[in-house]
Every structure is written in C-alpha cells, then in structure tokens.
Amino acid sequence: MKMTLRWFGEGYDSVTLRQIRQIPGVVGVITTLYNHQAGELWERDEIHALREKVEAEALEISGIESVNIHDDIKIGLPSRDKYIENYIKTLENLGEEGIKMVCYNFMPVFDWTRTNLAKPRHDGSTVLAYDQKVVDSIDPQVFFNQTDANSNGFVMPGWEPERLGHVKELFEAYKDVTADKLFDNLVYFLKAIMPTCEKYGINMAIHPDDPAWPVFDLPRIITNQENILKMFKAVDSPYNGLTFCTGSLGTDLKNDLPSIIRACKGRIHFAHVRNLQHFPDGTFEEAAHLSRDGSFDMYEIVNALYDIGFDGPIRPDHGRTVWGEVCMPGYGLYDRAMGACYINGLWEGIEKSTQRKANLL
Ligand SMILES: [Mn+2]
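What follows is the structure in structure tokens.
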C-alpha cells in the first residue's frame with residue numbers, strides 16, 4: 004500500500020502540501036480540481052499545473068477524489084451522453100498525466116450525510132455524527148442549508164452550493180429513479196468509460212454510499228458485499244473497482260468489513276480507513292483511528308488488506324477536530340496525521356511479523 008492524504012487544493016484546504024510532506028510515510032496526495040462542477044471537462048494543462056504543484060513538494064498525485072458524476076448520468080437522461088463524453092476526455096487527460104486511479108460515487112443528490120459536524124467527544128475533540136431521527140424529521144433543503152452553514156466556511160465535497168441551491172428540483176428529477184434504475188445507469192456509465200480506462204490503465208474506484216442505506220427516500224446501491232459483487236460482475240473488468248471505505252460500509256453493522264475486503268480481492272483500488280463508534284440507539288459518531296476508541300478492530304481491517312496483497316493508495320479518513328484547529332469538518336491536519344502514523348504502524352507490524360513467521364517455517 005501507499006500512504007496518502009486527501010488534499011482539496013490551494014484556496015480550498017486549510018492544510019498545505021508542505022505539512023502533508025512532513026507526515027512520516029505519506030508519499031502522495033489524493034486531490035481534485037475543486038473548481039470544476041460535475042460534468043465539466045478537465046483540461047490537460049490544468050491537471051498538469053496541479054501535478055507540478057504537488058511534485059514541487061516531493062509528493063505525487065496518487066489518485067483523484069473525485070471526478071464527480073453529473074446528475075443527468077445518474078438519472079439516465081438523454082443528455083447523459085454529452086457528460087459521459089466529457090468524463091471520457093477527462094480520463095484521457097488524467098491518463099496522459101500519469102494519473103491511474105479515480106474515485107467517484109453514485110449517490111443521488113447528496114454525497115455523504117452527517118447530522119452533526121461538530122459533536123463533542125469524551126476527550127473534548129469534535130467529530131461528525133449521524134442520527135437517522137434528525138434526517139427523518141427535516142426538509143432536505145433545510146438540511147443542506149444547515150450543513151453548509153456549519154462547515155467553518157469551507158465548501159465540503161459533494162455539498163457544492165451551486166448544485167444544492169436547487170435541492171427541490173433535484174429531488175423532482177430523481178423521483179422515478181428506483182434502485183434498479185440507478186444501478187442500470189451506473190452500468191451504462193461504466194461500460195462507456197471502460198475502454199478508455201483499459202487503454203490508459205486507469206482504475207475506477209466507486210465509493211460506497213454513506214450511510215449505507217437510503218436517506219431522504221433516495222435510493223442507494225453500493226451498500227454491502229452482495230451489491231458490490233453484483234456491480235463487479237455487471238462490468239467485469241479489473242478496472243471496474245472499489246474504494247474500500249471502512250467509515251461508509253461500517254455505518255451498517257451487518258457489514259463484515261474484513262470479509263468484504265477478502266471478497267473484493269483484486270478489485271479494491273483505493274482504501275479509506277477510519278473508525279466509528281456505534282451506540283445502542285442506532286446513532287453513530289466518528290472516532291479516533293485507534294481500535295479501542297471506536298467499534299471496529301482496525302488491526303483486522305488492515306490485516307485483511309495486507310492479506311489480499313492490496314498495493315493501491317490508502318488514506319486516513321475523516322479525523323476528529325483536535326488541538327483547536329480550524330478546518331473543514333473531518334479534514335484537519337492533526338488527527339489525520341495521527342491516523343496515517345497509526346495505520347503505517349499497523350502495516351509495519353503485520354508485514355514484519357508475517358515475514359518473521361515465514362522465515363521460521
Ligand atoms: Mn470514504
């Protein structure tokens with residue numbers, strides 16, 4: 004695996020490339036052209052300029068998160084072909100710049116959803132948290148406005164005001180999109196882009212839905228092992244893969260995370276590792292990466308990734324906000340840096356003990 008950190012780009016991120024470079028073991032960033040709306044073409048010279056900026060700090064672009072999918076593609080409108088054409092050209096431009104991993108998601112209207120962006124933890128840090136009762140009792144437009152107002156002035160990924168200023172119209176456009184239809188539209192999109200991915204060696208890594216169930220009655224399709232394997236089979240190319248995200252799949256306690264990793268061997272192209280703490284009333288909040296701070300055994304998760312020979316980029320995911328940092332919720336420097344060191348430590352321990360055992364045999 005290759006340790007990375009997500010970076011939103013200059014002017015959008017409170018964290019600098021120099022700071023990222025100084026986290027031991029981090030070799031690259033997962034970045035994006037944040038100024039582009041979904042559906043727009045990314046020109047090669049813009050990608051090249053971004054790459055030069057990253058490489059000037061001795062880091063690499065280990066992948067893109069995300070090249071977002073236009074709603075017309077998810078809805079299945081006739082105009083989707085024009086947006087798919089732009090997506091293909093963007094992939095070609097990324098491929099020409101040597102970028103080989105693209106993360107995306109296929110969630111309608113909202114990206115990841117949390118009901119509290121700064122819930123105090125037992126240790127005085129704040130974290131993102133989720134309570135289904137809040138989602139059930141609020142109008143989607145009000146929900147968006149609240150999320151936007153509580154993001155410390157940062158535009159959060161998937162919550163762009165340009166798009167989500169029109170929540171009502173978006174809901175109307177999705178009203179006939181069932182889970183089956185959404186799945187068919189995903190397959191249509193993947194079949195269209197696969198020849199380009201194969202030509203340039205670009206791994207597509209779909210991000211699971213977060214949380215892993217329908218919110219605001221919108222369908223969600225990348226939620227569990229069965230659905231993920233169904234998607235792999237529908238477009239059976241090694242370039243059609245997954246972002247294994249512990250925090251998203253782990254929202255549903257029925258998901259056995261190490262088992263999903265093993266079932267997806269060869270098709271996991273990117274990994275997000277974070278811990279959640281689940282509560283008996285069905286709510287959950289994000290935790291420090293350390294196993295004993297949350298509900299997941301992070302050793303078992305990293306061990307499963309090691310076992311399947313995972314060699315793609317990995318990154319710590321949403322961190323707690325600690326030490327008075329002012330940042331985009333979930334994306335501060337300090338706790339993600341601690342997460343990166345912790346995951347690196349787990350990996351080194353697993354790798355060396357495995358090698359030691361092998362030598363003893
Ligand atoms: Mn994730």
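Numbers given in the working numbering equal positions in the sequence shown, counted from 1, plus 3.
All C-beta atoms, glycine included, are put in the ideal place defined by N, C-alpha and C.
Beta strand (DSSP E) runs contained entirely in the region 19 to 61, provided each spans 3 or more residues: Runs found: 31 to 34.
Can you tell me whether Cys267 sits near ligand 1, meaning its C-beta is under 8 Å from at least one heavy atom of the ligand? Within the sequence shown, the letter at position 264 stands for residue 267. Not so, every heavy atom of ligand 1 lies at least 8 Å from the Cβ.
Less than 7 Å between C-beta atoms, sequence neighbours within five positions excluded: which residues of the same chain meet that for Gly285? The sequence position of residue 285 within the sequence shown is 282, counting from 1. Apart from sequence neighbours up to five positions away, the residues of its chain that approach Gly285 with a beta-carbon distance below 7 Å are Gln135, ordered along the chain.
Considering just the uninterrupted stretch of the beta strand (DSSP E) at Thr150, what are its terminal residues? As a position in the sequence shown, residue 150 is number 147, starting the count at 1. Counting along the chain, Thr150 falls outside any beta strand (DSSP E), though it belongs to the alpha helix (DSSP H) covering Pro143 to Ala152.
Enumerate in chain order the residues of its own chain whose CB-to-CB distance from Thr181 is below 8 Å, with the five nearest sequence positions on each side excluded. In the sequence shown, the residue the question calls residue 181 occupies position 178. So the qualifying residues of the chain are Pro222.
Per DSSP, what are the beta-bridge partners of Glu68 in this structure? By one-based count along the sequence shown, residue 68 stands at place 65. According to the DSSP secondary-structure assignment, Glu68 is paired through a beta bridge with Cys106.
Per DSSP, which one or two residues make a beta bridge with His275? The residue labelled residue 275 in the question sits at position 272 within the sequence shown. DSSP output for His275 lists Cys248 and Arg318 as bridge partner(s).
Inspect the CB distances between the region 91 to 103 and the region 243 to 255 and report whether three or more fall short of 8 Å. Contact fails between the region 91 to 103 and the region 243 to 255, because fewer than three Cβ pairs, one in each stretch, are under 8 Å apart.
Find the nearest neighbour of Gln280 within the set Val18, Glu100 and Tyr133, judged by alpha-carbon distance. For this step, residue 280 is matched to residue 277 along the sequence shown. Nearest of Val18, Glu100 and Tyr133 to Gln280, Cα basis: Tyr133.
Based on DSSP bridge pairs, tell me the residues matched to Pro123. Within the sequence shown, numbered from 1, the residue matching residue 123 stands at position 120. Answer by DSSP bridge pairing, in chain order: Thr129.
What residues match up with Ala208 in a beta bridge as DSSP calls it? If you number the sequence shown from 1, residue 208 lands on position 205. Beta-bridge pairing links Ala208 to Cys106 and Gly244.
Do Val112 and Asp74 have their C-beta atoms within less than 9 Å of each other? Working through the sequence shown from its first residue, we reach residue 112 at position 109. Working through the sequence shown from its first residue, we reach residue 74 at position 71. Here Val112 is near Asp74, since their CB atoms are less than 9 Å apart.
Gly250 Cβ short of 8 Å to ligand 1 heavy atom set: If you number the sequence shown from 1, residue 250 lands on position 247. Yes - ligand 1 has a heavy atom lying nearer than 8 Å to the Cβ of Gly250.
According to DSSP, what are the bridge partners of Arg9? In the sequence shown, the residue the question calls residue 9 occupies position 6. DSSP lists Ile33 as partners of Arg9.
Ala290 (DSSP reduced to helix, strand or coil): Sequence index remark: in the sequence shown, residue 290 carries index 287 (1-based). If DSSP states are grouped into helix, strand and coil, Ala290 belongs with the strands.
So, are the CB atoms of Phe273 and Leu245 less than 9 Å apart? For the purposes of this step, residue 273 is taken as residue 270 along the sequence shown, with counting starting at 1. For the purposes of this step, residue 245 is taken as residue 242 along the sequence shown, with counting starting at 1. Taking the C-beta atoms as reference points, Leu245 is found nearer than 9 Å to Phe273.
Through-space distance from Lys85 to Arg339, alpha-carbon basis: Sequence index remark: in the sequence shown, residue 339 carries index 336 (1-based). Sequence index remark: in the sequence shown, residue 85 carries index 82 (1-based). Going by C-alpha positions, Arg339 is about 38 Å away from Lys85.
With respect to 8 Å, is the separation between the Cβ of Thr246 and the closest non-hydrogen atom of ligand 1 below this value? In the sequence shown, the residue the question calls residue 246 occupies position 243. Yes, since a heavy atom of ligand 1 falls inside the 8 Å radius drawn around the Cβ of Thr246.
Please classify Arg359: is it buried, with 16 or more other beta-carbons within 10 angstroms of its beta-carbon, or exposed? Numbered from 1 along the sequence shown, position 356 holds the residue referred to as residue 359. By the neighbour-count criterion, in which 16 or more other beta carbons inside 10 Å mark a residue as buried, Arg359 falls on the exposed side.
What three-state label does DSSP hand Thr199 in the structure shown? As a working note, residue 199 is residue 196 in the sequence shown. DSSP places Thr199 in helix when its eight states are reduced to three.
7 Å Cβ shell around Val190 - same chain, five flanking residues per side excluded: For the purposes of this step, residue 190 is taken as residue 187 along the sequence shown, with counting starting at 1. Ala237 and Val238.
Would His275 be called buried (16 or more neighbouring beta carbons within 10 Å of its own) or exposed? Your numbering for residue 275 matches position 272 in the sequence shown. Around the beta carbon of His275, 16 or more other beta carbons lie within 10 angstroms, which makes this residue buried.
For Trp398, verify whether its CB is less than 8 Å away from any heavy atom of ligand 1. Absent from the structure is residue 398, since the part of the chain shown begins at 4 and ends at 364.
Starting from Arg83, trace the alpha helix (DSSP H) in both directions and tell me its first and last residue. In the sequence shown, the residue the question calls residue 83 occupies position 80. Counting along the chain, the alpha helix (DSSP H) containing Arg83 begins and ends at Arg83 to Glu99.
To the nearest angstrom, how far is it from the Cα of Ile67 to the Cα of Ile205? Position 64 of the sequence shown, counting from 1, holds the residue named residue 67. Position 202 of the sequence shown, counting from 1, holds the residue named residue 205. Roughly 11 Å separates the two Cα atoms.
Cβ of Asp139 within 8 Å of any heavy atom in ligand 1? Taking the sequence shown and counting its residues from 1, one reaches residue 139 at position 136. For ligand 1, not one heavy atom lies less than 8 Å from the Cβ of Asp139.
Could you compute how far the alpha carbon of Ser65 sits from the alpha carbon of Asn119? By 1-based counting over the sequence shown, the position of residue 65 is 62. By 1-based counting over the sequence shown, the position of residue 119 is 116. Spanning the two alpha carbons is a distance of roughly 30 Å.
Reducing DSSP to helix, strand and coil, say where Glu2 ends up. Only positions 4 to 364 of the chain appear in this structure, which leaves residue 2 out of reach.
Sorry if obvious, but does the Cβ on His292 come closer than 8 Å to a heavy atom of ligand 1? For the purposes of this step, residue 292 is taken as residue 289 along the sequence shown, with counting starting at 1. Result no, Cβ not under 8 Å from ligand 1.
Could you check whether Ile224 and His292 sit closer than 9 Å to each other, using their CB atoms as the reference points? The residue you call residue 292 lines up with position 289 of the sequence shown. The residue you call residue 224 lines up with position 221 of the sequence shown. For His292 and Ile224, no; Cβs fall outside 9 Å.
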